[in-house]
Amino acid sequence: MKYPITLDALEVLDAIDRKGSFAAAANALFRVPSAISYTVQKLEQDLDVVLFRKEGRKAILTPAGKVLLEQGREILNATERLAIATKKTHSGWEPVFTIAIDSILKFDFIYPLIAKFYAILPDIEINIYEEVLGGTHEALTSNRADLVIGVGVEATPNKGINYQKIQQIEWIFAVAPAHELTKAPLPLSQHIIEQYRFIVVRDSSRQQAPQSHRIFNKRPVLRVSSLTEKIQAQCSGLGVGFLPAHRIQGLLAQGLLVALPVEKLIPTEALQMAWKTTNSGKVLGWFIEQLSQHDFG
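All residue numbers for the sequence shown refer to this note's numbering, where the first residue is 1 and numbers rise by one.
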């Protein structure tokens with residue numbers, strides 16, 4: 001099928017609108033005025049519409065012309081982005097790069113890095129989003145993400161994945177100041193703890209059975225969507241649970257949460273960033289290098 005609307009015609013319409021006349025558009029596009037007039041006349045004939053009306057020496061878009069140019073500029077911009085993406089892919093720079101960050105980490109560390117990256121390559125599309133528990137690792141293996149940050153190493157690590165440690169996590173059992181467990185004998189036994197409602201973060205896995213970690217409970221749990229929500233729920237006294245020390249130090253200092261010693265300690269956990277061994281993209285390499293120098297605390 002032959003389409004009357006071409007990129008060349010859209011560029012001509014854009015130039016006429018920006019410059020105000022056919023003659024000025026011809027000068028901007030390094031063409032003769034007759035070529036500009038022919039392009040517009042042919043487009044009007046093929047579409048059976050009037051695109052411009054004359055007001056003195058100025059060419060003014062008709063309502064139909066405005067619609068065509070408005071949406072046509074989106075096509076021109078998309079074409080430019082496509083050309084840039086193609087060139088970057090050819091040179092090894094991924095046109096789109098996706099980062100999945102586990103809920104255990106705040107996102108504040110990534111924004112300065114993205115700003116730094118945009119200062120170098122502003123035309124790369126960056127996607128960042130949150131995953132939880134098994135969903136973080138699955139995001140990598142199922143190609144939802146190019147880089148995952150905050151994942152734990154699986155018991156049987158995937159040979160096709162590179163892991164790099166970024167932080168060691170200490171787990172603290174914490175409750176609201178008015179919670180009944182603050183009056184219980186210390187250290188808390190598992191028998192006592194499991195009498196109370198645990199708050200757990202919902203696993204974001206889509207293709208595998210959801211996981212639940214660090215739970216001692218006989219009562220129905222309260223499930224929330226992220227670690228941030230879990231912290232807020234525990235501050236509100238809605239339940240109990242283990243929380244990463246780096247996320248609650250300020251809340252403990254303010255008295256909004258109370259850390260309680262327990263008989264059965266949770267071992268520290270190493271957080272990793274991970275990526276597929278087959279991915280040799282330059283954007284991935286840049287972020288790995290920057291994150292390797294970052295102090296996660």
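Even glycine gets a Cβ: it sits at the ideal position worked out from N, Cα and C. Computed from a prediction, not measured in an experiment: that's the story for all the values here.
In angstroms with no decimal places, state the Cα-to-Cα distance between V283 and L147. Cα to Cα, the separation comes out at about 10 Å.
Complete runs of the beta strand (DSSP E) confined to the region 64-146 [at least 3 residues]: List check, beta strand (DSSP E) in window: 96-102, 125-131.
List the DSSP bridge partners of A274. Looking at the DSSP assignment, A274 forms a beta bridge with V148, Y163.
Tell me the residue span of the beta strand (DSSP E) that contains A241. Note on identity: in this sequence residue 241 is Gly, with Ala being the wrong assignment. Membership of G241 in the beta strand (DSSP E) is indicated by the continuous run 241-244.
Buried or exposed for L18, please, with buried defined as at least 16 other CB atoms from any protein chain shown within 10 angstroms of its CB. Reading off the sequence, residue 18 comes out as Arg, not Leu. Exposure of R18 is indicated by the presence of fewer than 16 other C-beta atoms within 10 angstroms of its C-beta.
Would you call K230 buried or exposed, if buried means 16 or more other Cβ atoms sit within 10 Å of its Cβ? Buried, because 16 or more other Cβ atoms sit within 10 Å of the Cβ of K230.
Output the distance between the C-alpha atoms of L10 and N77, rounded to the nearest integer angstrom. Rounded to whole angstroms, L10 to N77 spans 11 Å at the Cα level.
Alpha-carbon to alpha-carbon, G237 and Y163: So the two alpha carbons sit approximately 37 Å from each other.
With DSSP as the reference, label Q293 as helix, strand or coil. DSSP, reduced to helix, strand and coil, places Q293 outside both helices and strands of the structure shown, so it counts as coil.
Proximity to F52 [Cα-Cα], best of Y118, V12, Q168: Nearest C-alpha to F52: V12.
Classify F30 as helix, strand or coil using the three-state DSSP reduction. For F30, the secondary structure class from DSSP, reduced to helix, strand or coil, is coil.
Cα-Cα separation, A35 to G92: Spanning the two alpha carbons is a distance of roughly 39 Å.
Return yes when the Cβ of A233 is within less than 7 Å of the Cβ of I199, no when it is not. In this structure, the beta-carbon distance from I199 to A233 falls below 7 Å.
C-beta contact flag for H202 and R219 at 7 Å: The amino acid occupying residue 202 in the given sequence is Arg; His does not appear at that position. No, these two residues do not count as a Cβ contact at 7 Å.
Kindly identify the DSSP beta-bridge partner or partners of R223. V200, per the DSSP bridge assignment.
Quick one: residues in its chain with C-beta nearer than 7 Å to the C-beta of Y111, no 5 flanking neighbours on either side, listed in chain order? For Y111, where only same-chain residues beyond five positions count, there are no Cβ hits under 7 Å.
Considering only residues of the same chain and omitting the five flanking positions on each side of P244, which have a CB-CB separation below 8 Å? Within the same chain, I104, I169, E170, W171, I172, L227 come within 8 Å of P244 by CB-CB distance, once the 5 residues on both sides are set aside.
Pull up the distance between the alpha-carbon of T141 and that of K276, whole angstroms please. Straight through space, the alpha carbons of K276 and T141 are spaced by roughly 8 Å.
In whole angstroms, what separates the C-alpha of A15 from that of I128? Rounded to the nearest angstrom, the two C-alpha atoms are 37 Å apart.
What did DSSP end up calling I169 once you bin it into helix, strand or coil? The answer is strand: DSSP assigns I169 an E or B state.
Quick one: what does DSSP say E194 is sitting in, helix, strand or coil? In the displayed model, E194 falls within coil according to three-state DSSP, outside both helix and strand.
Going by C-alpha distance, which of I75, V49, L251 is nearest P63? Here the closest residue by C-alpha is V49.
What's the C-alpha gap between H137 and I120? If I take the Cα positions, the gap works out to 29 Å.
CB contact flag (P177, V258, <7 Å): Yes. Within cutoff.
Comparing C-alpha positions only, which one of I124, L113, I5, I248 sits nearest to W75? Position check: residue 75 holds Ile in this sequence, whereas Trp was assumed. Looking at the Cα atoms, I5 is the closest of the given residues.
Could you pull the DSSP bridge partners for I60 from this structure? DSSP, once it has assigned bridges, lists R53 as partnering I60.
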